[in-house]
Structures are given as structure tokens and as C-alpha cells.
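The opening residue of the sequence shown carries number 1 in the UniProt record's numbering; numbering runs sequentially from there.
For every residue, glycine included, the Cβ atom is placed at its ideal position computed from N, Cα and C.
This structure is a prediction, so every number in the text was calculated from the model and none was measured.
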Amino acid sequence: MTSYSLIKVGNDYVVQAGDKCILKVSSRRRAAQLISEATDLLNALAAVESPEAAPESPSLRREAPELP
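And the structure:
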């Protein structure tokens, strides 16, 4: 997972992902909020794509239809 950081450049704050600058905003609070939201979204995406989370077979078996 990528680590995020904030650096101050002049009057602005730059959000870095790893060693790349990805966003420049004027508010430190807004930058921190965006990092938090991005982290939450990436964690949610990782949980959805995780093959361990999905069962290999259905949890319910299909019942055979009753014939008259």
C-alpha cells in the first residue's frame, strides 16, 4: 500500500503518494481529509478484490425441484 505524506510549499500543501507529488491544496485540513478518504477507498477496493474473501463454492445448495 502506498504511504501518503504532506509537505508545505510556500502557502500551499502538497500531498505525496510514495515519492510522487499528486495534489496541491491551500488547506492543510483539506489535504489531510483527502488523504483519509483516498486511504478508505483503497482499503475498500482491496477488500472487494481480495480472492480470500470470496468463497469458492456457494454457501447454499440449490434444492432439486419437486415433480408432481
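By a C-beta neighbour count over all protein chains shown, 10 Å radius and 16 as the cutoff for buried, is V15 buried or exposed?
Taking all protein chains in view, the Cβ of V15 is crowded by 16 or more other Cβ atoms within 10 Å, so the residue is classified as buried.
Nearest to K20 (by Cα), restricted to the options G10, A64, L6
Taking the Cα of K20 as reference, the smallest distance to any Cα among G10, A64, L6 is reached at L6.
Please tell me whether D12 has its Cβ less than 8 Å away from any Cβ of chain B.
As a matter of chain content, chain B is missing from the structure shown, which is built from one protein chain.
A64 by DSSP, collapsed to three states: which one?
A64 falls in the coil class under three-state DSSP.
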